[in-house]
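Residues are numbered in my numbering as their position in the sequence shown, beginning at 1, plus a constant of 68.
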Amino acid sequence: MADWKYQLPLLVIGNTADPVTPLAAAKKTAAGFTGAVVLTQDSPGHSSFNVPSNCTDAYVRSYFLNGTLRKKAQYALPTTSFSQYLRRTTRYRIRHR
């Protein structure tokens, strides 16, 4: 993989229990970009925005608004519990069948 250079380092977000794109894939992707940082969100599901996390939201907001990115890998906890996540996604699936 080529080592690309950008104005800002790349922010890669990975979930600890993503069945589609595992956390290892996020780390491998980040390794191909100079200065890239992995933000690990401790949650299930595909996409970090499926399970709300105030920590992840603040990190992404800071990155997009100010270009702020910590140099080391970060760890974010979800705002909701796993059971709340399941209830919400189950209701969504039933409504959209």
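A virtual CB, placed ideally from N, CA and C, is assigned to each residue, including glycine. None of the values given here were measured: they were computed from a predicted structure.
message: Between Gly82, Leu78 and Pro77, which has its C-alpha nearest serine 116's C-alpha?
response: As a working mapping, residue 116 is identified with position 48 in the sequence shown. Minimum Cα distance to serine 116 is reached at Gly82.
message: Quick check: glutamine 75 and threonine 108, are their CB atoms within less than 9 Å of each other?
response: By one-based count along the sequence shown, residue 75 stands at place 7. By one-based count along the sequence shown, residue 108 stands at place 40. Going by C-beta atoms, glutamine 75 is not nearer than 9 Å to threonine 108.
message: For leucine 204, count the other beta carbons within 10 Å of its own beta carbon; 16 or more makes it buried, fewer makes it exposed. Which is it?
response: Here the chain has residues from 69 to 165 only, and residue 204 is not among them.
field: Nonlocal neighbours in the same chain, by C-beta distance under 6 Å from serine 121, ignoring five residues either side
entry: By one-based count along the sequence shown, residue 121 stands at place 53. Correct list, in chain order: Gln109, Ala144, Pro146 and Thr147.
For proline 77 and valine 88, the rounded distance between their alpha carbons: As a first step, residue 88 must be located in the sequence shown, where it is residue number 20. As a first step, residue 77 must be located in the sequence shown, where it is residue number 9. Cα-Cα distance, rounded: 24 Å.
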